[in-house]
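Everything below concerns the one structure shown next.
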Amino acid sequence: HFYMETLTALCRPKEDKQIQLWASTQWMDFTQNLVASALGISVNSIDMNVKRIGGGYGGKATPAFFVAISTAVASWTVNRPVRFVMDLKSNMAFTGLREPYVANYKAEVDPTTQKLNHIEVTFHADCGWTASECLSMAETMTFAQNAYTAKSWDLTPVGVLTDRPRGTAVRAPGTTQGHTIIENVMEHLAAKLNVDPVEFRIKNFMQDGDLTVAGHPFHGKNPLPDMIADLKSTCEIEKRQAQVSDFNKAN
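Just so it is clear: in the sequence shown, position 6 is 1088 by the numbering used here, and no numbers are missing.
Put into structure tokens, the structure is as follows:
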């Protein structure tokens, strides 16, 4: 994360064991609850303020917890205002990168219809030294379905703590990993079946009435088949495929 304002907090003691806290956070209520827990006071004893945060993109969601809590504990201990401003180099090292994932999967396909019967995936997320970014797996689970339907899904998240820099949200946490994993599965299946990977995907797109992994029905016409047909036409995919085939035969 290379945002304009780094992770920052300012805490000022008030009367009756209350504090005023300014924090550059994207998750205001969670930050307030964690600070209250650290200080042993009620949530309504914290007057929380968030101004323009100068860029977030996920890098001021969970990382802001640590800075806000540290600042509040220091201010509470010395009973004086305390400001914490992280330098950019330390900030970039602290927030880390999007979490790496490893997925183990099994898939079953009807050989006649080439429709998905069952998808089973275990997601292993390297969360680094803190479990706070295991939260991204909630998004990974739902987005791993992408645009596809199957008779059954078995998705298991596993957060892994390692002696590595923490992961952090980077624009839509967990979604990119989910999309990438299912697209690898679909590509692998198409190769095993020796079929066109695009046509295989089209056959397994969600249709009106199909259920998402969250249990909600999909309504309406899926626009993806028409979009792909338009792209194949405007990009002259069949012409290019023929050219590639001719080249490979001649070389």
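C-beta atoms are modelled at their ideal positions from N, C-alpha and C, and glycine is treated no differently.
Note that the coordinates shown come from a computational prediction; the quantities given were computed from them, not determined experimentally.
Residue i: which of the options sits nearest, CA to CA?
i, options, result
"residue 1181", "1086, 1293 and 1249", "1249"
"residue 1126", "1113, 1262 and 1137", "1113"
"residue 1289", "1159, 1300 and 1118", "1300"
"residue 1144", "1177, 1098 and 1254", "1177"
"residue 1170", "1141, 1104, 1224 and 1329", "1141"
"residue 1303", "1310, 1174, 1291 and 1330", "1291"
"residue 1118", "1097, 1147, 1267 and 1090", "1147"
"residue 1224", "1261, 1246 and 1244", "1261"
Give me the Cα-Cα distance between residue i and residue j, rounded to the nearest whole angstrom.
i, j, result
"residue 1199", "residue 1165", "56 Å"
"residue 1208", "residue 1179", "11 Å"
"residue 1259", "residue 1273", "21 Å"
"residue 1235", "residue 1201", "5 Å"
"residue 1219", "residue 1333", "46 Å"
"residue 1110", "residue 1129", "11 Å"
"residue 1139", "residue 1156", "28 Å"
"residue 1230", "residue 1216", "25 Å"
"residue 1276", "residue 1296", "31 Å"
"residue 1153", "residue 1293", "46 Å"
"residue 1279", "residue 1124", "56 Å"
"residue 1282", "residue 1210", "37 Å"
"residue 1267", "residue 1191", "12 Å"
"residue 1197", "residue 1326", "28 Å"
"residue 1088", "residue 1158", "23 Å"
"residue 1330", "residue 1269", "21 Å"
"residue 1085", "residue 1243", "27 Å"
"residue 1104", "residue 1097", "17 Å"
"residue 1108", "residue 1100", "22 Å"
"residue 1195", "residue 1311", "21 Å"
"residue 1322", "residue 1306", "21 Å"
"residue 1183", "residue 1160", "42 Å"
"residue 1315", "residue 1328", "20 Å"
Are the CB atoms of residue j and residue i within a distance shorter than 9 Å?
i, j, result
"residue 1222", "residue 1257", "yes"
"residue 1106", "residue 1135", "yes"
"residue 1150", "residue 1121", "no"
"residue 1226", "residue 1286", "no"
"residue 1203", "residue 1186", "yes"
"residue 1206", "residue 1137", "no"
"residue 1228", "residue 1264", "yes"
"residue 1095", "residue 1162", "yes"
"residue 1324", "residue 1247", "no"
"residue 1189", "residue 1313", "no"
Going by DSSP, what residues sit across from residue i in a beta bridge?
i, result
"residue 1271", "Note: residue 1271 sits in no beta bridge, so no partner."
"residue 1205", "1185 and 1239"
"residue 1190", "1200"
"residue 1293", "1299"
"residue 1287", "1230"
"residue 1260", "Answer by DSSP bridge pairing: none, since residue 1260 is not bridged."
"residue 1210", "1243"
Would you say the beta carbon of residue i is closer than 8 Å to some non-hydrogen atom of the ligand PLP?
i, result
"residue 1185", "For the ligand PLP, the structure offers nothing, since it holds no ligand at all."
Would you mind listing the alpha helix (DSSP H) stretches within the segment 1156–1186 that are 4+ residues and don't spill past its ends, in chain order?
Those alpha helix (DSSP H) runs which fall completely within the segment 1156–1186 and span 4+ residues are 1170–1177.
Secondary structure, beta strand (DSSP E): runs of 3+ residues fully inside the segment 1086–1135:
If you keep only unbroken beta strand (DSSP E) runs of at least 3 residues inside the segment 1086–1135, you get 1090–1096, 1100–1105 and 1128–1131.
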